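A quick write-up on the structure given underneath.
There are 2 protein chains.
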Amino acid sequence: MEERALLLLGILMVHSQHGYQINEFIEMNLRRVTDMKKPTAYATLDRLADEGYVEVHTEKAGKRPTRKIYSITPQGQRYFFELLRTNLAKADKMNFGSDIGMMFVDHLPYDEALTLLDKRRQELSLEIELHESAPEHGFGLGVDFAMEHHLVHLKADFEWLSSVIERLRNQLENSQLN
Amino acid sequence: MEERALLLLGILMVHSQHGYQINEFIEMNLRRVTDMKKPTAYATLDRLADEGYVEVHTEKAGKRPTRKIYSITPQGQRYFFELLRTNLAKADKMNFGSDIGMMFVDHLPYDEALTLLDKRRQELSLEIELHESAPEHGFGLGVDFAMEHHLVHLKADFEWLSSVIERLRNQLENSQLN
DNA sequence: TTTTCCATGTAACTCGTTACATGATTTC
DNA sequence: GAAATCATGTAACGAGTTACATGGAAAA
Chain A
1 MEERALLLLG ILMVHSQHGY QINEFIEMNL RRVTDMKKPT AYATLDRLAD EGYVEVHTEK
61 AGKRPTRKIY SITPQGQRYF FELLRTNLAK ADKMNFGSDI GMMFVDHLPY DEALTLLDKR
121 RQELSLEIEL HESAPEHGFG LGVDFAMEHH LVHLKADFEW LSSVIERLRN QLENSQLN
Chain B
179 MEERALLLLG ILMVHSQHGY QINEFIEMNL RRVTDMKKPT AYATLDRLAD EGYVEVHTEK
239 AGKRPTRKIY SITPQGQRYF FELLRTNLAK ADKMNFGSDI GMMFVDHLPY DEALTLLDKR
299 RQELSLEIEL HESAPEHGFG LGVDFAMEHH LVHLKADFEW LSSVIERLRN QLENSQLN
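Read top to bottom, the protein sequences are chains A and B. Residue numbers are given in the working numbering: position 117 of the first sequence equals residue 117, and the series is strictly consecutive. Position in the second sequence (from 1) plus 178 gives the number in the working numbering.
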């Protein structure tokens with residue numbers, strides 16, 4: 001929740017923009033970092049406006065639909081820094097939905113489990129490729145760090161999954177010796 | 179949503195239990211893997227009962243409050259395997275709240291950013307220690323894999339964070355040469 | 001005797017998503 | 001003439017959390 005606010009305020013720290021522009025920017029550049037959807041962005045911007053953290057002024061440019069341009073206020077900047085500090089100092093609480101399935105792998109025969117996990121590994125490696133082949137968009141150090149962070153976890157996941165698959169294969173071979 | 183169901187059905191695959199027991203088990207053993215809360219468990223169990231995946235029969239043991247004992251039905255077992263297969267084959271979509279702050283590190287002076295990130299790293303290393311010093315509870319291969327998975331990501335995060343801190347320190351030193 | 005344990009829940013709320021609505025305008 | 005783009009939203013729903021309620025029994 002505060003993360004959505006932090007993201008929007010951070011974007012507005014660079015320069016004032018209207019909602020459509022912000023959403024487009026997120027869609028094109030930050031999809032790996034956030035999954036915030038358009039209606040959430042619009043709603044959050046309105047909320048931030050109500051709370052005095054952003055200012056709105058409408059603009060009618062040419063024949064295009066009326067835009068609402070959001071600018072960050074001084075209070076908004078203070079709030080941004082507050083959110084930023086707590087965010088940077090706090091570790092993510094990680095929990096992975098796939099761990100729940102993993103706990104029960106032993107309920108499936110090894111070969112079926114291996115097939116499923118291999119599919120998952122392929123999906124993962126595809127995502128890693130996509131990530132690595134993505135163009136460098138030179139928005140400063142921080143954005144690079146964030147992207148790198150994401151990639152680090154994808155790779156760690158891949159390595160771990162591979163080792164799980166290997167160990168299950170060994171189990172399969174051992175069980176076939178009987 | 180289906181993960182909560184998978185978890186509960188998986189627990190009931192071992193043996194029939196009442197809600198309190200299930201919640202206690204989660205609380206004591208699976209807190210690293212799931213964050214499901216009590217009311218969610220009770221509600222999900224009721225839902226699974228409505229859908230015919232589990233059967234309920236009440237039991238009055240001694241002077242203790244009446245228990246509702248949940249048993250998995252044949253349909254429930256089929257549903258369990260269905261959920262298990264899709265869960266195992268699907269990679270987690272990872273997104274980390276801390277990446278949003280990270281994107282904007284450059285808005286803070288290096289030394290302040292370093293202080294905040296160091297705090298976060300300490301928090302992380304504490305969590306890793308806790309994880310490693312936790313006793314082995316011999317519930318089969320799968321549970322061990324899941325725990326290992328969690329630890330792998332904690333460590334990857336720690337390593338990455340350390341490298342970020344190091345690079346920021348270099349930046350700080352370089353900027354002080356002026 | 002007060003607190004903790006057992007055992008179950010409910011009600012209100014929060015955060016977010018999905019699907020849809022609007023209407024003009026430019027591109028195919 | 002149809003489809004995509006620009007620009008904004010709303011309404012309904014979903015999943016889960018928090019805080020609270022209940023009430024007897026055992027432990028401190």
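Note that CB positions come from ideal geometry on N, CA and C, so glycine has one too. Just so we're clear, the structure is a prediction, and the values are computed from it rather than from any experiment.
Item	Value
Return helix, strand or coil for residue 187 of chain A, following the three-state DSSP convention.	Since the first and last residues shown for chain A are 1 and 178, residue 187 of chain A lies out of range.
CB-CB under 7 Å to residue 246 of chain B, same chain, minus the five flanking residues each way: which ones, in chain order?	196, 197, 234, 236
Do residue 89 of chain A and residue 298 of chain B count as a contact pair if the criterion is CB distance below 7 Å?	yes
Helix, strand or coil: how does DSSP classify residue 58 of chain A here?	strand
Where does residue 245 of chain B fall in DSSP's three states?	strand
Would a C-beta distance cut-off of 7 Å place residue 279 of chain B and residue 84 of chain A closer than the cut-off?	yes
Beta-carbon within less than 7 Å of residue 73 of chain A's beta-carbon, same chain only, minus the 5 sequence neighbours each way: which residues are those?	52, 53, 54, 55
Looking only at C-alpha atoms, which of A:146, A:115, A:70 sits nearest to residue 15 of chain A?	A:70
So the alpha helix (DSSP H) residue 1 of chain A belongs to, where does it begin and stop?	Element bounds for residue 1 of chain A: n/a, residue is neither H nor E.
Between the Cα of residue 123 of chain B and those of A:94, A:171, A:24, spot the shortest distance and give me the residue it belongs to.	This structure leaves residue 123 of chain B out entirely; chain B is present only between 179 and 356.
In the DSSP output, which residue or residues are listed as bridge partners for residue 72 of chain A?	A:54
Could you tell me which chain A residues have their CB closer than 9 Å to the CB of residue 213 of chain B, listed as they occur along the chain?	93, 95
With residue 158 of chain A as the anchor, note down where its alpha helix (DSSP H) starts and where it stops.	140-176
Verify the CB distance criterion: does residue 134 of chain A have a CB-CB separation below 7 Å to chain B?	no
Please identify the residue among A:80, A:33, A:112 whose C-alpha is closest to the C-alpha of residue 260 of chain B.	A:112
Return the CA-CA distance between residue 29 of chain A and residue 41 of chain A, expressed in angstroms with no decimal places.	15 Å
Ordered along the chain, which non-local residues of its own chain (more than five positions away) have a Cβ less than 8 Å from that of residue 168 of chain A?	105, 110, 113, 114, 117
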